[in-house]
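See below for the structure under consideration.
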């Protein structure tokens with residue numbers, strides 16, 4: 001099913017990372033697309049910018065940021081947005097995404113994707129900011145569901161309904177991080193299939209996949225390993241509901257070779273075609 | 289009627305703001321999480337007794353244990369960012385001391401920018417506030433060099449001027465030359481040859497002596513690689529004056545004031561500086 005913006009299924013991409021620069025420049029690998037971390041390229045005119053220009057010439061590029069801070073109660077940072085907009089022009093970015101979170105307040109930045117309390121107050125607040133930001137950027141904003149490690153007691157919405165309502169109120173879209181759904185479901189004890197089943201399909205423009213680290217008491221979204229099978233099963237479910245959506249594999253710690261990361265991304269193709277396993281077998285994921 | 293405009297900020301969210309300030313204060317506080325919720329910045333928003341009630345327990349973790357996950361990640365992420373920007377300091381101080389220093393710095397100068405690239409900008413100045421650092425003079429010189437390298441790494445590319453671009457000038461025109469350095473360049477006066485230490489660790493060579501020595505340095509980028517160029521005091525004075533937009537005759541006066549130099553030496557220096565691609569434009573004033 002197509003998203004409401006008519007944005008294409010770009011295929012299987014990976015995040016553009018420094019350790020892969022030499023390989024990409026030398027080998028020019030066959031690759032569907034790249035996602036860049038916006039902040040890594042906003043303030044540099046050095047080698048990262050040079051490599052980015054080479055990549056933009058050959059591959060479709062999507063921008064993904066971590067500092068939009070749509071949930072913060074600080075004023076909207078228009079200086080940041082200005083640079084984001086300039087970078088989008090330079091990269092001919094197909095779209096720009098960030099996270100449903102806040103990163104700092106009182107003029108500080110924690111450089112983490114911090115959880116929102118899912119309340120009516122938060123919904124009004126985030127909706128207001130999303131509209132302002134989309135208006136400034138002159139394009140829709142796409143927000144990713146973050147991995148979270150705590151829930152606020154005062155939350156009256158669950159995350160998926162909050163996100164769905166936000167899209168209704170603002171016209172924003174969703175970058176659905178399937179690994180994050182899984183991580184948060186483990187940490188908070190909900191059914192990840194309920195989450196992906198409730199997300200409005202026509203709002204999703206991109207999927208994220210990644211590995212994580214299970215600490216026993218909780219899971220950390222470390223992007224440090226292969227995608228686990230439970231996450232692949234969730235991805236299969238998403239594909240069955242939503243059809244082909246641009247899918248991106250993130251790997252940010254202990255990053256292996258380009259070929260290994262690319263091969264992990266291409267595995268997603270297997271879950272677009274393989275028959276469904278036992279219905280809702282993901283229900284057993286967190287039954288304990 | 290006033291002109292219409294889009295709102296620059298959404299409606300206030302007072303309770304959300306309190307919760308965010310509280311969580312951030314807890315994340316940025318040193319010490320165990322139980323004392324973090326008792327810091328003045330946290331208590332200003334919520335009494336410590338209410339802290340556990342703000343967060344739901346999970347089936348495995350108590351509320352404050354869940355908060356502590358974010359505290360741990362904040363610390364790890366920022367220390368790691370400083371390790372990336374200051375590999376020389378890390379090598380010299382060792383893991384343990386570097387991390388202690390990094391944590392003191394982060395507590396004193398918490399990040400304000402949307403980019404981690406500029407997290408360490410205030411570290412060289414901060415060092416003067418820290419007691420107990422081994423070889424503080426050298427450490428400060430090393431930190432200033434590494435900070436300069438981060439700026440040079442990220443600067444925009446510039447066009448490069450060739451020495452031939454001012455061939456055949458009259459003596460009068462020579463005096464009125466103005467040379468603009470490339471953007472990816474910084475000038476440093478240091479009390480130690482910290483660049484020799486950096487070069488040794490990058491080449492995995494034996495570490496040089498750490499004796500103080502007045503050092504005049506150009507840190508620059510060429511073909512996306514970082515380079516150090518050590519200059520004599522007069523040559524440095526000449527380059528610095530040129531970088532500050534002085535015409536050549538005035539810049540040469542600065543050179544003489546610094547205790548040396550001659551027209552022949554200036555010509556030799558120019559040959560080197562142009563071959564190193566340090567200038568982006570040449571004009572006659």
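Residue numbers (this note's numbering), protein chains in the order written: chain S, 1 to 288; chain V, 289 to 573.
Idealized CB from N, CA, C, for every residue including glycine.
- Within chain V, the C-beta atoms nearer than 9 Å to that of residue 67/S come from 401, 402 and 403, in chain order.
- Think of a sphere of 7 Å around the beta carbon of residue 44/S: the chain V residues whose beta carbon falls inside it are 442, in chain order.
- Collapsing the DSSP output to three states places residue 208/S in a strand.
- With a cut-off of 8 Å on Cβ pairs, the stretch 179-196 of chain S is in contact with the stretch 153-165 of chain S, counting three or more such pairs.
- A contact between stretches requires three or more CB pairs, one per stretch, nearer than 8 Å, and the stretch 38-49 of chain S meets this requirement with the stretch 401-419 of chain V.
- With contacts defined as CB atoms closer than 7 Å, residue 238/S and residue 3/S fail to qualify as a contacting pair.
- Secondary structure at residue 564/V: coil, using DSSP grouped into helix, strand and coil.
- Taking the CA atoms as reference points, residue 388/V sits about 12 Å from residue 377/V.
- An exposed status is given to residue 78/S, since fewer than 16 other beta-carbon atoms sit within 10 Å of its beta-carbon.
- Considering only beta carbons, the part of the stretch 134-159 of chain S lying closer than 7 Å to chain V consists of 135, 149, 150, 151, 152 and 153, in chain order.
- From the beta-carbon of residue 50/S, the residues of chain V found nearer than 9 Å are 445 and 512.
- Contact with chain V is found for residue 47/S, since one of that chain's Cβ atoms lies less than 7 Å from the residue's Cβ.
- Between residue 519/V and residue 565/V, the alpha-carbon positions lie close to 16 Å from each other.
- In this structure, residue 488/V lies away from residue 568/V, with their beta-carbon atoms at least 7 Å apart.
- Going by C-alpha positions, residue 486/V is about 34 Å away from residue 107/S.
- Look at the stretch 458-508 of chain V and you find these whole runs of alpha helix (DSSP H), each 4 residues long or longer: 459-463 and 482-490.
- Residue state for residue 128/S is assigned as helix, using DSSP reduced to three classes.
- Counting only the Cα atoms, residue 362/V lies some 52 Å from residue 549/V.
- Partner residues in the beta bridge of residue 99/S, as assigned by DSSP, are 144/S.
- Residue range 229-242 is occupied by the alpha helix (DSSP H) that includes residue 232/S.
- DSSP places residue 53/S in the helix class (H, G or I) of the three-state scheme.
- Residue 305/V has a beta carbon lying within less than 7 Å of a beta carbon in chain S.
- By the Cβ criterion, the stretch 204-218 of chain S is in contact with the stretch 240-254 of chain S, since at least three pairs of Cβ atoms, one from each stretch, lie closer than 8 Å.
- A straight line joining the alpha-carbon of residue 19/S with that of residue 265/S spans about 17 Å.
- The beta-carbon of residue 108/S is placed less than 7 Å from the nearest beta-carbon of chain V.
- Interface annotation, residue 385/V: not in contact with chain S, CB-CB separation never under 7 Å.
- Using a CB distance below 9 Å, the part of the stretch 58-84 of chain S facing chain V consists of 65, 66, 67, 68, 69, 71, 72, 73, 74, 75, 76, 77, 78, 79, 80 and 83, ordered along the chain.
- By the neighbour-count criterion, in which a residue is buried when 16 or more other Cβ atoms sit within 10 angstroms of its Cβ, residue 125/S is buried.
- Taking 7 Å as the cut-off, the Cβ atoms of residue 446/V and residue 470/V count as close.
- About 20 Å separates the CB atoms of residue 29/S and residue 223/S; that is not less than 8 Å, and the two are not in contact.
- Among the CB atoms of chain V, none fall inside 7 Å of the CB of residue 251/S.
- Note that the C-beta distance between residue 504/V and residue 477/V is below 7 Å.
- Flagged as an interface residue toward chain V: residue 112/S, by a C-beta distance shorter than 7 Å.
- In chain order, 348 and 349 make up the part of chain V whose C-beta sits under 7 Å from the C-beta of residue 217/S.
- Look at the stretch 184-208 of chain S: the residues with a C-beta under 8 Å from a C-beta of chain V are 187, 188 and 189.
- For residue 112/S, the CB contacts under 7 Å within the same chain, skipping 5 residues up- and downstream, are 103 in chain order.
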